[in-house]
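*Asks:* Sharing a structure, written as structure tokens. Questions coming.
In our numbering, the protein residues as written are 3 to 80.
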């Protein structure tokens with residue numbers, strides 16, 4: 003892999019990491035918001051929010067952090 007291709011990958015990878023990280027955090031926020039409506043707490047688990055990606059806020063924050071680190075590496079090398 004030549005240097006130009008590596009720098010292009012290093013420039014695009016953080017954007018993808020941060021996009022998916024934000025998406026996972028947003029899904030978890032939607033799930034929590036549905037359980038905490040303004041009129042009171044709903045302790046039942048809504049079937050709409052059962053898929054695995056609604057419980058991945060930690061993964062989302064990790065992806066955001068990795069994206070930020072990769073952007074720092076790109077800025078140092080560029």
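Ideal Cβ positions, reconstructed from N, Cα and C, are used throughout, including at glycine. Only a predicted model underlies this, so the values are computations on that prediction, with no experimental measurement involved.
(1) Sorted by chain position, which residues of the same chain lie with C-beta nearer than 6 Å to residue 28's C-beta, five sequence neighbours on each side aside?
(2) Could you check the C-alpha separation between residue 130 and residue 26 for me, to the nearest Å?
(3) At what residues does the alpha helix (DSSP H) containing residue 60 begin and finish?
(4) Quick one: what does DSSP say residue 16 is sitting in, helix, strand or coil?
(5) When you compare each of 53, 22, 10 and 13 to residue 63 by their alpha carbons, which one comes out closest?
(6) Using a Cβ distance threshold of 8 Å, determine whether the stretch 11-20 contacts the stretch 63-80, with at least three qualifying pairs required.
*Replies:* With the given structure in hand:
(1) none
(2) Outside the shown range of the chain, which is 3 to 80, sits residue 130, and nothing can be said about it.
(3) 59-79
(4) helix
(5) 22
(6) yes
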